[in-house]
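Novice: One structure, pasted below without further comment.
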Amino acid sequence: MKENFKAKVFLNKSGKGRVKYSEDEFLTLSNREMFKVFPGDEVVCQKMPGSKAKIKEVLKRNTSELTGIIKKYKGKTFLTSLDKSFHLDILLEGKNLKNFKSNDICEVRITSQPSLKYKPKAKPIKTLKSNDVFEEAFIFATNGTELSTEWSKSIINECNKIKREISTQDIDSRKDLRSLNFVTIDGSNAKDFDDAVYAEESSDGYLLYVAIADVSEYVLQDSSLDKEALSRATSVYFEKKVIPMLPELISNKLCSLRPNEDKLVLTCEIYLDGEGEIKSYEFFNSVICSKNRLTYDEVEKFYQKGQTALSDDIVSNLNALKKIHALRRKIREERKAIDFYLPEYRPVGKDNKIIKFKSINHLLANEVIEESMILANICAAKLTKKIKKPIPFRHHDNPDYNELEKLKEFLKARGLRKGMTESNPRKKLNAWLKEIKQKEKSFSLIYQILRSMKLAVYSGKESNHFALGLEEYCHFTSPIRRYSDLVTHRVIKSIIEKKGSSYSQDEIDGIATICSDKDREAEKIVRESSKYLSCKCAEQHIGKEFYGEVVAVLEFGVFMHIDGLNIEGFCHIKNLKRSPYYVHDATAHSLTSANKNNIYALGDKFKIKIKSVETSRKRIDLKVIN
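Numbering-wise, the sequence shown is residues 1098 to 1723 according to our numbering.
This is how it looks when you write it as structure tokens:
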């Protein structure tokens, strides 16, 4: 007799139904079996030969309501779940279905669970389609995740008890820097100003102050607020919305370094010599009053044209910051830090439609602030390493040797010549990047270099940062939006105040893992939002012709960057030039037709047409014209 067992149904990454049979054994459910259930349903299964299972009984249904995208087909209305783990389309029933349009986002209540005989059915509860396509993208990306813009009552109550005013005692216990001309420099839409900078030039070098909002003064370790911040670990930034790590009272008010307001900060004071090298540094609790809230565009205009209505004191500060940046960039180049400078794109909306994605200019003003923040982060890592107190270091491991060798052969085949015999991996990569830029080669080659890199993570151990060329590095400058930085603040404050360690090594290791995982999760969710907006953009251009550049090659097709729109679509091999088959070369990143007359390789450009768009599946299908 075949053995029965209880399990919960789930879909693996390949979309196959699976159940857990034992600690180290999973069984596969056939497509036929998966017609009976939704993911998450609890079932009784029978173990079958060949690592398969058959559903004998459904014990408990997991899904009563869900959110998805409306699809119309042959006079019927279906819903495709936004939850990527759902494999079945749901037939909608009820009155006024004609009021729902294809691609509307809708919340439904399940009225009939899936079975072999019948499709699952549901009735609409409400449409979530708004007059804002960016809000739709937000709903699409965050549905089914743990992300929330809401706060529990205990968190709200804790926030309400936080002292709002800065007392004389607070100021007396800190270094008073309110007379210095600190400024914040951020994007035009920013509200959480967690860093302010002030610099001055002297006869033998420079003095730089990087003042960071003292979040740890308001968010106490192990409080409900702190535990919630750790569970989120990072703020998540969408096009027109933010899911903050901390409530707005803290992120946008108490700890935001708004102009002409006294604020408590943790400051890093750095002395640099005339060459830009760090002579000394010190961390201390202080109070500042920012003199101006500047934007990157404003500062860039001043740097490029020299015209400004700013006071002489602010101008002097900006000029000193610019000189420090120039010196630090030179040092950065000497240590062979890697700069990819890949193009970034932002969606352009008009009449609630996405017209295209526009390129974001890389500004000197951004670099100036970035270099100041890196300096403070370097000092924070040096201090904690010196005192031997654990923090979440930012670790970027060296690339795998075999991956670099594959990359070398590929780039050599694409005409690159420099750096091929170089043994130092950073020098090798910089030589390739420089040659690609000089020869105006495709940016898809830079993407390929980036793919050969390992991902940066947080680590509880002292760790190098390969891309920056540093022996140790950490994040210190954004405690409003990154939990790792808040932890680093607490550790540095324990050093300043000569107290015992704030965290054990095991605690830091755990925090580092959580922060790394949440970081990746946030990046993935933001990409989902961007893919939705890309599909909404492509919908405006179905049937139109463009030029497309191959940016990734798979066995069954190629991804292409669509010129003008700056979005990506996929061209299946059936939509390439007709051929009995195509040969995939993983090393050369190419697809070659049977007669070898048609080759599709990374960086090649072709005339294409947007064939179709399926927003619910984030698919933009392309067809090669020429």
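Glycine residues also receive a C-beta, built at the ideal position from the N, C-alpha and C atoms.
Computed from a predicted model, the values in this text were never measured in an experiment.
Suppose the cutoff is 6 Å on Cβ atoms and the five residues either side in sequence are ignored; what does the same chain contact list for residue 1630 look like?
Specialist: Reading the sequence shown from its first residue, position 533 is the one you call residue 1630. Within the same chain, residue 1630 has close Cβ partners 1234, 1444 and 1451.
Novice: With burial defined as no fewer than 16 other Cβ atoms inside 10 Å of the residue's Cβ, what is the status of residue 1546: buried or exposed?
Specialist: For this step, residue 1546 is matched to residue 449 along the sequence shown. It counts as buried.
Novice: Using a threshold of 8 Å, state whether the C-beta atoms of residue 1441 and residue 1457 are closer than that.
Specialist: Along the sequence shown, read from residue 1 onward, the residue named residue 1441 stands at position 344. Along the sequence shown, read from residue 1 onward, the residue named residue 1457 stands at position 360. Against a cut-off of 8 Å, the Cβ pair of residue 1457 and residue 1441 comes out as a contact.
Novice: What are the boundary residues of the beta strand (DSSP E) that residue 1687 is part of?
Specialist: As a working note, residue 1687 is residue 590 in the sequence shown. First-last of the beta strand (DSSP E) with residue 1687: 1687-1690.
Novice: With DSSP as the reference, label residue 1126 as helix, strand or coil.
Specialist: Taking the first residue of the sequence shown as 1, we reach residue 1126 at position 29. Strand, per DSSP.
Novice: Quickly, what does DSSP pair residue 1477 with across the bridge? List them, please.
Specialist: Here residue 1477 corresponds to residue number 380 of the sequence shown, with the count starting at 1. Paired residue(s): none; residue 1477 is not in a bridge.
Novice: Enumerated in chain order, which unbroken segments of the alpha helix (DSSP H) with a length of 4 residues or greater are wholly contained in the segment 1173-1256?
Specialist: 1230-1239
Novice: What three-state label does DSSP hand residue 1581 in the structure shown?
Specialist: Start at 1 with the first residue of the sequence shown, and residue 1581 comes out as number 484. In the three-state DSSP reduction, residue 1581 falls in the helix class (H, G or I).
Novice: Taking Cβ to Cβ, would you say residue 1135 is nearer than 8 Å to residue 1160?
Specialist: Taking the first residue of the sequence shown as 1, we reach residue 1135 at position 38. Taking the first residue of the sequence shown as 1, we reach residue 1160 at position 63. The beta carbons of residue 1135 and residue 1160 sit closer together than 8 Å.
Novice: Kindly identify the DSSP beta-bridge partner or partners of residue 1711.
Specialist: Position 614 of the sequence shown, counting from 1, holds the residue named residue 1711. 1716.
Novice: Three-state secondary structure (DSSP) at residue 1644?
Specialist: Counted from its first residue, the sequence shown places residue 1644 at position 547. Three-state DSSP puts residue 1644 in a strand.
Novice: How many Å lie between residue 1120 and residue 1182 at the Cα?
Specialist: Locating residue 1120 in the sequence shown gives position 23, where the first residue counts as 1. Locating residue 1182 in the sequence shown gives position 85, where the first residue counts as 1. Their backbone Cα atoms lie some 22 Å apart in a straight line.
Novice: Please give the ranges of any beta strand (DSSP E) in the segment 1373-1405, keeping only runs that are unbroken, at least 3 residues long and fully inside the region.
Specialist: 1375-1386 and 1389-1392
Novice: Could you please give the first and the last residue of the uninterrupted beta strand (DSSP E) stretch that includes residue 1361?
Specialist: Counting from 1 along the sequence shown, the entry for residue 1361 is found at position 264. First-last of the beta strand (DSSP E) with residue 1361: 1359-1370.
Novice: Which stretch, first to last residue, makes up the alpha helix (DSSP H) that contains residue 1523?
Specialist: As a working mapping, residue 1523 is identified with position 426 in the sequence shown. First-last of the alpha helix (DSSP H) with residue 1523: 1522-1535.
Novice: Could you give the distance in angstroms between the alpha-carbon of residue 1416 and the alpha-carbon of residue 1463?
Specialist: Within the sequence shown, numbered from 1, the residue matching residue 1416 stands at position 319. Within the sequence shown, numbered from 1, the residue matching residue 1463 stands at position 366. Looking at the two C-alpha atoms, the distance is approximately 14 Å.
Novice: Pick helix, strand or coil for residue 1696, following the three-state DSSP scheme.
Specialist: Sequence index remark: in the sequence shown, residue 1696 carries index 599 (1-based). Note: residue 1696 maps to strand in three-state DSSP.
Novice: Smallest Cα separation from residue 1287: which of 1522, 1264, 1609 and 1345?
Specialist: Here residue 1287 is taken as the residue at index 190 of the sequence shown, counted from 1. Considering only alpha carbons, the answer is 1345.
Novice: Taking Cβ to Cβ, would you say residue 1669 is nearer than 8 Å to residue 1643?
Specialist: Position 572 of the sequence shown holds residue 1669. Position 546 of the sequence shown holds residue 1643. The answer is no: Cβ separation not under 8 Å.
Novice: Report yes or no: do the segment 1587-1594 and the segment 1474-1491 share at least 3 C-beta pairs separated by less than 8 Å?
Specialist: When Cβ pairs closer than 8 Å are counted between the two stretches, the segment 1587-1594 is seen to touch the segment 1474-1491, the count reaching three or more.
Novice: Is it the case that the Cβ atoms of residue 1238 and residue 1176 are separated by a distance below 8 Å?
Specialist: Here the question's residue 1238 lines up with position 141 in the sequence shown. Here the question's residue 1176 lines up with position 79 in the sequence shown. No, they are not a contact pair.
Novice: If you run the structure through DSSP and keep just helix, strand and coil, what is residue 1504?
Specialist: Indexing the sequence shown from 1 puts residue 1504 at position 407. Note: residue 1504 maps to helix in three-state DSSP.
Novice: Closer than 7 Å by C-beta to residue 1209: which residues in its own chain qualify, once you throw out the five before and the five after it? Chain order, please.
Specialist: Against the sequence shown, residue 1209 aligns to sequence position 112. 1215, 1217 and 1218, listed in sequence order.
Novice: Give a yes or no on whether the C-beta atoms belonging to residue 1059 and residue 1646 are separated by under 8 Å.
Specialist: An answer regarding residue 1059 cannot be provided, because it is not within the stretch 1098 to 1723 covered by the chain.
Novice: Using a Cβ-Cβ cut-off of 6 Å (strictly less than) and excluding sequence neighbours within five positions of residue 1297, which residues of its own chain qualify?
Specialist: In the sequence shown, the residue the question calls residue 1297 occupies position 200. Answer for residue 1297: 1304 and 1417, listed in chain order.
Novice: Just curious, the alpha helix (DSSP H) that residue 1171 is in, first and last residue?
Specialist: As a working mapping, residue 1171 is identified with position 74 in the sequence shown. Here residue 1171 belongs to no alpha helix (DSSP H), and DSSP marks it neither H nor E.
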